[in-house]
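Novice: Residue numbers (the numbering used here): 34 to 91.
C-beta atoms are modelled at their ideal positions from N, C-alpha and C, and glycine is treated no differently.
This one's a predicted model, so the numbers in the text were calculated from it and none came from an experiment.
Questions regarding the structure given below will be posed in turn.
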Ligand code: SF4
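What follows is the structure, given as structure tokens:
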């Protein structure tokens, strides 16, 4: 498996995140974690972006 550090573009739809910039993540890299105690295969239940930060004023 190739190591792609620094070579990825992250599309994102979480417009409430402080790092969100017009359909993309403004960070150089993010961390994605599995949700605890969930194993139902539904994408929105299984994982989330652990680099999320609440946008100010929301
Ligand atoms: S940190 Fe995560 S939630 Fe925030 S813009 Fe980047 S990918 Fe989206």
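(1) Would you grab the beta carbon distance between residue 74 and residue 56 for me? Rounded to a whole angstrom, and I think it's under 8 Å.
(2) Would you identify the three-state DSSP class for residue 79, choosing helix, strand or coil?
(3) Which residues count as close to the ligand SF4 when the rule is a CB under 6 Å from any of its heavy atoms, in chain order?
(4) Taking only the alpha-carbon atoms, compute the straight-line gap between residue 82 and residue 64 and give it to the nearest angstrom.
Specialist: Once the coordinates are examined:
(1) Translated into positions along the chain shown, residue 74 becomes position 41. Translated into positions along the chain shown, residue 56 becomes position 23. Rounded, the Cβ-Cβ distance is 26 Å, inconsistent with contact.
(2) Numbered from 1 along the chain shown, position 46 holds the residue referred to as residue 79. Note: residue 79 maps to helix in three-state DSSP.
(3) 43, 45, 47, 50, 52, 53, 58, 60, 63, 82, 84 and 85
(4) Position 49 of the chain shown, counted from the start, is the residue given in the question as residue 82. Position 31 of the chain shown, counted from the start, is the residue given in the question as residue 64. Cα to Cα, residue 82 sits roughly 6 Å from residue 64.
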